[in-house]
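K.L.:
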Amino acid sequence: MKSSFLSRAVLLVCLAVLSTSQAQQPDEKNVAEEEKKLLDDMEKIGWVREGAGDLGGVAKIAIPKGYRFTHGSGTSRVLELFGNLPQPSASGMLTTEGFGPWIIFGYDDSGHVKDDEKNDINADELLALRREGLAESNKVRKERGIHELAILGWAMPPRYNDSTKTLEWAVRIQNLDGTGGESINYETRLLGRTGSMKVQLVCGPAEFQPLLTEFQKVMGGFSYVEGQRYAEFRKGDKIAEYGLTALVAGAGVVAASKMGLFGKLGLVFAKLGKAAILLVVGALAGLKKLFGKIFGSRQPPGE
Numbered sequence: 445m446k447s448s449f450l451s452r453a454v455l456l457v458c459l460a461v462l463s464t465s466q467a468q469q470p471d472e473k474n475v476a477e478e479e480k481k482l483l484d485d486m487e488k489i490g491w492v493r494e495g496a497g498d499l500g501g502v503a504k505i506a507i508p509k510g511y512r513f514t515h516g517s518g519t520s521r522v523l524e525l526f527g528n529l530p531q532p533s534a535s536g537m538l539t540t541e542g543f544g545p546w547i548i549f550g551y552d553d554s555g556h557v558k559d560d561e562k563n564d565i566n567a568d569e570l571l572a573l574r575r576e577g578l579a580e581s582n583k584v585r586k587e588r589g590i591h592e593l594a595i596l597g598w599a600m601p602p603r604y605n606d607s608t609k610t611l612e613w614a615v616r617i618q619n620l621d622g623t624g625g626e627s628i629n630y631e632t633r634l635l636g637r638t639g640s641m642k643v644q645l646v647c648g649p650a651e652f653q654p655l656l657t658e659f660q661k662v663m664g665g666f667s668y669v670e671g672q673r674y675a676e677f678r679k680g681d682k683i684a685e686y687g688l689t690a691l692v693a694g695a696g697v698v699a700a701s702k703m704g705l706f707g708k709l710g711l712v713f714a715k716l717g718k719a720a721i722l723l724v725v726g727a728l729a730g731l732k733k734l735f736g737k738i739f740g741s742r743q744p745p746g747e
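First residue of the sequence shown? That's 445 in the numbering used here, and the numbers climb one at a time after it.
#1: Look at the Cβ atom of residue 603, then the Cβ atom of residue 592, and state whether they are nearer than 8 Å.
#2: Could you check where the beta strand (DSSP E) with residue 637 kicks off and where it finishes?
#3: Using only CA atoms, which one of 632, 631, 616 and 633 lies nearest to residue 625?
#4: Does the beta carbon of residue 549 come closer than 8 Å to any beta carbon on chain C?
#5: Return the chain-ordered list of same chain residues with a C-beta closer than 8 Å to the C-beta of residue 638, the five sequence neighbours on each side being excluded.
#6: To which residues of the same chain is residue 676 closer than 6 Å at the C-beta, ignoring the five residues directly before and after it?
#7: Just mark residue 659 as buried or exposed, buried being the case when its beta carbon has 16 or more other beta carbons within 10 Å.
#8: For residue 509 and residue 493, what's the separation of their Cα atoms in angstroms?
#9: For residue 664, I'd like the list of residues in its chain whose CB is within less than 6 Å of its CB, leaving aside the five on either flank, ordered along the chain.
#10: Strictly by DSSP, which residues pair up with residue 627?
#11: Alpha carbon to alpha carbon, how far is residue 645 from residue 600? Give it in angstroms, no decimals.
#12: What residue ranges within the segment 493 to 564 form continuous alpha helix (DSSP H) runs of no fewer than 4 residues, ordered along the chain?
#13: Give the C-beta separation of residue 535 and residue 549 to the nearest angstrom, bearing in mind that I take them to be a contact with Cβ-Cβ under 8 Å.
#14: What does a CB cutoff of less than 7 Å around residue 699 pick up in its chain, not counting 5 residues either side in sequence?
#15: Secondary structure at residue 612, three-state DSSP: helix, strand or coil?
#16: So residue 507 and residue 497 are in contact, right, with Cβ under 8 Å, and what is the actual spacing, rounded?
#17: Could you pull out every residue in the same chain whose Cβ sits closer than 6 Å to the Cβ of residue 609, ignoring the five residues on either side in sequence?
#18: DSSP three-state label for residue 672, please.
#19: Taking residue 605 as part of the beta strand (DSSP E), name the residues at either end of that continuous run.
#20: Nearest-angstrom Cα distance between residue 641 and residue 513?
#21: Give a yes or no on whether the C-beta atoms belonging to residue 500 and residue 518 are separated by under 8 Å.
#22: Going by C-alpha to C-alpha distance, which of 475, 481, 668 and 627 sits closest to residue 598?
#23: Relative to the C-alpha of residue 511, which residue among 532, 679, 542 and 483 is closest?
#24: My assumption, with CB atoms under 8 Å, is that residue 688 sits in contact with residue 559. Please give the rounded CB distance.
#25: So which of 668, 621 and 577 has the shortest CA-CA distance to residue 633?
#26: May I ask you to report which of helix, strand or coil DSSP gives residue 659?
#27: Quick one: what's got a C-beta closer than 7 Å to residue 565's C-beta in the same chain, skipping five residues either side?
#28: How would you write the range of the alpha helix (DSSP H) that residue 476 sits in, first residue to last?
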């Protein structure tokens, strides 16, 4: 698997945002100092490097070799360190040493999701609904001076695995900034007794299949604890007010205005008099590689 910062962006809630400002060569000393400070601050959060990570008491994830895990509060702290809003629904995070990749888990406890719509998933209708949702999100992005996005189509139409009670889909996202930059936004929902676990992967089009294979290997270590499995639903348990189609239609594309603008990296650019040409919310393969992409070849996402 090639080693670009996009090819290692396993997860979460991420979008590429581009700006047209002039750029100069970065000050490597300042970049190194910021990088070290971020690494030190991340290490202070507290990590578990073996065994299994507890996902809010409802599920667990095996910690693969080379990965580390932090709980929900630690996850929110990581997000805040990078200028994002904390996620109260975050259950935990898996990441390698350094700056990524990130795999963020978030549990929605709004009730048992019935899968009686599993044979009625209409990909065309759901794509239209997602585009409507993105149109509203783009209004906010425009107000805040952030480039708008477009949904080009499905990279993977919604599909439901009845044996594992897993719903997954992937959407092709394009940045409307004139560069034609494209990324794949893959999402999965693992249904449980009282809700569903959300996990997300974002990458370039050419990297989708190799990354999906890697992601699925990691997710092979996921399991609900006894009493929280989908099949353990009992009469009287809370029922979600939505079904499978609403999970897909309502997920939408997470706007950078909601997730924050990676403030720490923004400060690096600001101090150096630069503007971020490429902003990735969710994962980094390292600041040096990021700067190399930004001030070097200037490739849009997916190339």
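By construction, the Cβ of each residue, glycine as well, lies at the ideal position given by its N, Cα and C atoms.
P.N.:
According to the structure shown:
#1: The count along the sequence shown starts at 1 and reaches residue 603 at position 159. The count along the sequence shown starts at 1 and reaches residue 592 at position 148. Going by C-beta atoms, residue 603 is not nearer than 8 Å to residue 592.
#2: Here residue 637 refers to the residue found at position 193 when the sequence shown is read from its first residue. Per DSSP, residue 637 belongs to no beta strand (DSSP E) and is neither H nor E.
#3: As a working note, residue 625 is residue 181 in the sequence shown. Of the candidates 632, 631, 616 and 633, 616 places its Cα closest to the Cα of residue 625.
#4: Although the question refers to chain C, the structure presented lacks it and comprises just one protein chain.
#5: Here residue 638 is taken as the residue at index 194 of the sequence shown, counted from 1. So the list reads 502, 553, 555, 556, 672, 681 and 682, once near-sequence residues are dropped.
#6: In the sequence shown, residue 676 corresponds to position 232, counting from 1. Around residue 676: 637.
#7: Looking up residue 659 in the sequence shown gives position 215. Answer is buried; the Cβ neighbour count reaches 16.
#8: Taking the sequence shown and counting its residues from 1, the one referred to as residue 509 is at position 65. Taking the sequence shown and counting its residues from 1, the one referred to as residue 493 is at position 49. Rounded to the nearest angstrom, the two C-alpha atoms are 8 Å apart.
#9: Translated into the one-based positions of the sequence shown, residue 664 becomes position 220. Counting only Cβ-Cβ distances below 6 Å, and skipping sequence neighbours, we find nothing.
#10: Here residue 627 refers to the residue found at position 183 when the sequence shown is read from its first residue. Answer by DSSP bridge pairing, in chain order: 617.
#11: To locate residue 600, count along the sequence shown from 1; it is residue 156. To locate residue 645, count along the sequence shown from 1; it is residue 201. Looking at the two C-alpha atoms, the distance is approximately 13 Å.
#12: 516 to 525
#13: Here the question's residue 535 lines up with position 91 in the sequence shown. Here the question's residue 549 lines up with position 105 in the sequence shown. Right, the Cβ-Cβ distance comes to about 5 Å (below 8 Å), so this counts as a contact.
#14: For the purposes of this step, residue 699 is taken as the residue at position 255 of the sequence shown. Here residue 699 scores only 28 on pLDDT, less than 50, and its place in the model is too uncertain to base an answer on.
#15: Against the sequence shown, residue 612 aligns to sequence position 168. Correct three-state label for residue 612: strand.
#16: Counted from its first residue, the sequence shown places residue 507 at position 63. Counted from its first residue, the sequence shown places residue 497 at position 53. That pair is a contact at about 6 Å.
#17: The residue given as residue 609 occupies position 165 in the sequence shown. So the list reads 635 and 674, once near-sequence residues are dropped.
#18: Working through the sequence shown from its first residue, we reach residue 672 at position 228. DSSP places residue 672 in coil when its eight states are reduced to three.
#19: Within the sequence shown, numbered from 1, the residue matching residue 605 stands at position 161. Run containing residue 605: 593 to 605, per the beta strand (DSSP E) assignment.
#20: Mapped onto the sequence shown, residue 641 falls at position 197. Mapped onto the sequence shown, residue 513 falls at position 69. Their Cα atoms are separated by approximately 17 Å.
#21: Start at 1 with the first residue of the sequence shown, and residue 500 comes out as number 56. Start at 1 with the first residue of the sequence shown, and residue 518 comes out as number 74. The answer is no: Cβ separation not under 8 Å.
#22: Residue 598 sits at position 154 when you count from the first residue of the sequence shown. Checked all of 475, 481, 668 and 627; the closest Cα to residue 598 is 627.
#23: The count along the sequence shown starts at 1 and reaches residue 511 at position 67. The candidate whose alpha carbon is nearest that of residue 511 is 542.
#24: Indexing the sequence shown from 1 puts residue 688 at position 244. Indexing the sequence shown from 1 puts residue 559 at position 115. Yes, they are in contact, since the Cβ atoms of residue 688 and residue 559 sit about 6 Å apart, within 8 Å.
#25: Taking the sequence shown and counting its residues from 1, one reaches residue 633 at position 189. Per the Cα distances, 668.
#26: Reading the sequence shown from its first residue, position 215 is the one you call residue 659. Note: residue 659 maps to helix in three-state DSSP.
#27: Stepping through the sequence shown from its first residue, residue 565 is reached at position 121. Contacts found: 602, 604, 688 and 689.
#28: The residue you call residue 476 lines up with position 32 of the sequence shown. Counting along the chain, the alpha helix (DSSP H) containing residue 476 begins and ends at 472 to 487.
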